[in-house]
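Protein chains in written order, with the numbering used here: chain F, 15 to 239; chain Y, 2 to 447.
C-beta atoms are modelled at their ideal positions from N, C-alpha and C, and glycine is treated no differently.
Below you'll find the structure, written out as structure tokens, and then a few comments.
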């Protein structure tokens, strides 16, 4: 993917670019808001990573102008202000996701991937298929091979979210926010236990495991290569 | 006497100008009325005299009228009562020269007449034309307008002057008292600008609007002082307590750099990242607490059972893995003032804390009940509990009673829960579950 990074701290911008490049993306870095906006408006990018506080043009103002110009590329806002109010302000200005500083690189990579490969706007009732796993969002049921999986409601929600992002890393924070609607970070590893229960039902009796743990990052649903 | 720029001075001037305009209007109106009254008397007298003369004419005839008029002219010669008659026999007049009313239409006329003394008098006269064509006129002196105006003007000027002086003195006194009170308030608020929050305004003996303003300002100062104190406490806590983890991080990195092999370096960096995350989590929690303290929440009525049940559901698998029984007893219809997102976080922190300190095989009992005016969410565990003396202290940022600091977390979970409770207009308290700890979150029931 082509990714524009608008971040005024040169050091941060460099390690972001390096990490994204190592994941196979092409990056362009701008260190000020006005130039960043110019680049965003004149060149096609798949994802924008925009810091909130920027010289010359504030990140939110950049974002608003970008959206008013009719641009739809997904934007991830980075900010040292990570309070709920700031998050709401960022999403209201047209951001698609919001990540507080400091962040784990794996979290950032997972979110950029999720934004860049957002599921095509398929009909909500279309079947989701990953290998021999198929999910029916209308009936909220899942089958693997010929077997119907008996899932608790939350387990089903986790599985559906993973399936929507099949092949991408999904972090614990993403699951907590998408499935439970919580923005805080529980100190106990509650998400791991939920996923391990889901895994028992999805993978235990099958030769290939579809739910993989990505060390230091989160989980990924997919057919192992 | 006045400070030129002061609002009081301008107010006084405005009031004096308004007073002057009202006074002038009053003076004109009073003078007019006086003139009308005086004229009315003259008119009545003239009308009476005319009637008498007409009667003479009608009853005793033309010749008798002429005689009566001639007698009256003779009697009043040289003085102002005025008569004039014009009939078939010629013209009689009080005037020394030509008859002044000859040719004037019937009705009232004001005329100036020269008296014998050479002065001039203002006379109000009425001309009547009798049935046989005889013109009869009678006049009486009118009070001199100039004199009336002079007397009235002098009286008005004197009264106005006295009034103006009274008005100026009164408004100076009022203005001065207002100014002194305002100066006291300005002085007190000026101290705040200079950063001194301890001073307070003193109330006067009465209880007027200025005291009400003073009370408001004092309340504001109390709030500011509390805010500054809490900010200072937070700053002190951050400075004091973040040093420990930062020192640990620094030491870890330094040791690894000095004598570490590749594997040791990797491990140290991994742990260093975890340390940094912990520091940031603690820092965020402290900022969170400071912000919650500073801005009151806007809780709205909210059903509590689903919020509590959702968080319990999040933790249930963890409890099960740890062999802890999570027992729920929730009043289904309990409603209270709360913001669900904040309530979730506060309750999750409380439950998280209970999980950490409850041994395997233990029980955590979550209850939700109404105890007017509160809706109470209580979490009781059968862990080691917290000694009574420490319960207050543990809610302060950064206190963790376990000195080994083995349990993960920033140590701020319960402090954040307490800050959220206060922010939502509720309370948070720790008690004895015999054995174990019971943490109670109280919200305003609706």
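Can you give me the C-alpha to C-alpha distance between residue i and residue j, rounded to a whole angstrom?
| i | j | result |
| --- | --- | --- |
| residue 108/F | residue 130/F | 16 Å |
| residue 318/Y | residue 224/Y | 44 Å |
| residue 332/Y | residue 304/Y | 10 Å |
| residue 25/F | residue 31/F | 10 Å |
| residue 259/Y | residue 222/Y | 54 Å |
| residue 75/Y | residue 139/Y | 14 Å |
| residue 283/Y | residue 392/Y | 20 Å |
| residue 301/Y | residue 376/Y | 14 Å |
| residue 251/F | residue 370/Y | The structure shown does not extend to residue 251/F, since chain F is modelled only from 15 to 239, so the question has no answer here. |
| residue 347/Y | residue 112/F | 22 Å |
| residue 46/F | residue 224/F | 43 Å |
| residue 414/Y | residue 276/Y | 17 Å |
| residue 70/Y | residue 35/Y | 31 Å |
| residue 271/Y | residue 256/Y | 14 Å |
| residue 345/Y | residue 186/F | 18 Å |
| residue 85/F | residue 104/F | 16 Å |
| residue 44/F | residue 82/F | 21 Å |
Any C-beta of chain Y sitting closer than 8 Å to the C-beta of residue i?
| i | result |
| --- | --- |
| residue 200/F | yes |
| residue 178/F | no |
| residue 196/F | yes |
| residue 102/F | no |
| residue 23/F | no |
| residue 151/F | no |
In three-state terms, what does DSSP make of residue i?
| i | result |
| --- | --- |
| residue 302/Y | strand |
| residue 203/F | coil |
| residue 123/Y | strand |
| residue 419/Y | helix |
| residue 366/Y | strand |
| residue 39/F | coil |
| residue 213/F | helix |
| residue 32/F | helix |
| residue 85/F | coil |
| residue 12/Y | helix |
| residue 222/F | coil |
| residue 196/F | coil |
| residue 117/F | coil |
| residue 72/F | coil |
| residue 189/F | helix |
Do we get a CB-CB distance below 8 Å when we pair residue i with the residues of chain F?
| i | result |
| --- | --- |
| residue 400/Y | At residue 400/Y the pLDDT is 47, less than 50, meaning the model places this residue with poor confidence and gives no usable figure here. |
| residue 300/Y | no |
| residue 409/Y | Its pLDDT being 46, under 50, residue 409/Y is placed unreliably in this model, and the coordinates cannot settle the point. |
| residue 414/Y | yes |
| residue 281/Y | yes |
| residue 231/Y | no |
| residue 349/Y | yes |
| residue 406/Y | Bear in mind that a pLDDT of 38 at residue 406/Y, under 50, signals an unreliable position, so the model cannot answer this. |
| residue 345/Y | yes |
| residue 294/Y | no |
| residue 353/Y | yes |
| residue 212/Y | no |
| residue 311/Y | yes |
| residue 314/Y | yes |
| residue 356/Y | yes |
Whole-angstrom Cβ separation of residue i and residue j, contact assumed at under 8 Å?
| i | j | result |
| --- | --- | --- |
| residue 172/F | residue 189/F | 6 Å |
| residue 121/F | residue 151/F | Incorrect: roughly 26 Å between the Cβ atoms, too far for contact. |
| residue 306/Y | residue 444/Y | At roughly 13 Å, the Cβ-Cβ gap does not stay under 8 Å, so residue 306/Y and residue 444/Y are not in contact. |
| residue 43/Y | residue 114/Y | 14 Å between Cβ atoms; not a contact. |
| residue 366/Y | residue 328/Y | 5 Å |
| residue 325/Y | residue 361/Y | 7 Å |
| residue 202/F | residue 353/Y | 6 Å |
| residue 13/Y | residue 169/Y | 7 Å |
| residue 87/F | residue 62/F | 6 Å |
| residue 24/Y | residue 164/Y | 7 Å |
Exercise. Give, in chain order, every residue of the stretch 316-340 of chain Y whose Cβ lies closer than 7 Å to some Cβ of chain F.
Key: Against chain F - using a Cβ distance shorter than 7 Å - the residues of the stretch 316-340 of chain Y are 316, 318, 319, 322.
Exercise. Can you give me, in chain order, the residues of the stretch 72-88 of chain F that have a beta carbon less than 9 Å from any beta carbon in chain Y?
Key: Under the 9 Å Cβ criterion, the stretch 72-88 of chain F contributes no residue.
Exercise. Below 9 Å between beta carbons is the criterion; list the residues of the stretch 200-216 of chain F that meet it against any residue of chain Y, in chain order.
Key: 200, 201, 202, 203, 204, 205, 206, 207, 208, 210, 211
Exercise. May I ask you to list, following chain order, the residues of the stretch 106-122 of chain F that have a beta carbon less than 7 Å from some beta carbon of chain Y?
Key: Answer set for the stretch 106-122 of chain F: 116.
Practice problem: Residues of the stretch 160-189 of chain F with a CB closer than 8 Å to any CB of chain Y: list them in chain order, please. | Solution: 168
Quiz item: Given a limit of 9 Å on CB to CB distance, which residues of the stretch 264-281 of chain Y reach chain F?
Solution: 271, 274, 277, 278, 281
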